[in-house]
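The working numbering puts the first residue of the sequence shown at 120, with every later residue one more than the last. Built from N, CA and C at the ideal position, the CB exists for glycine as well. If you're wondering where the values come from, they're calculated on a predicted model, not measured in any experiment. Take a look at the structure below.
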Amino acid sequence: MKSLSIRRTAISVLALLVASGPNVGAAESLAGSKGDSRFPVYFAPGTIGGCGKDYKDYVAAGGHSAYAMTPFNWATEFIICGAHLNAPSQKAAEALALKSCQSARSKYKVTTAGACAIAASK
């Protein structure tokens with residue numbers, strides 16, 4: 120009688136482990152995701168430079184990544200951007216992307232519509 124009770128308990132525990140097994144530790148890939156958008160990312164038709172490529176690389180990245188840029192405005196001719204891909208955390212990616220954008224903004228002495236800000240992160 121005691122062995123029957125132990126057997127039923129063991130079978131129940133085993134069934135529970137089998138049912139939950141595929142979901143344990145399964146992390147969703149971030150590749151292809153635009154993540155959390157803070158403001159719209161827009162590139163004017165005919166835009167040249169690396170910002171469009173950086174944004175596509177950001178979307179394709181599988182790890183924690185962030186994309187920072189200056190706001191788009193038709194009255195200004197330039198946008199400056201920065202990205203950091205596959206960082207250890209979302210917060211670290213945001214800090215490094217913002218630092219990259221600010222560094223580029225100080226390097227290129229052009230008028231932009233505003234300061235660098237995180238446009239999207241995941």
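- Cα atoms of Ser240 and Glu147: separation of roughly 15 angstroms, rounded to the nearest angstrom.
- In the structure shown, Leu215 falls within a helical segment according to DSSP collapsed to helix, strand and coil.
- Boundaries for Cys235: no alpha helix (DSSP H) harbours it, and the DSSP string shows neither H nor E there.
- For Ala194, no beta strand (DSSP E) segment is defined, and its DSSP state is neither H nor E.
- The beta-carbon separation of Cys170 and Phe158, rounded to 14 angstroms, does not stay under the 8 angstroms limit for a contact.
- Pro164 and Ala202 have their alpha carbons spaced roughly 21 angstroms apart.
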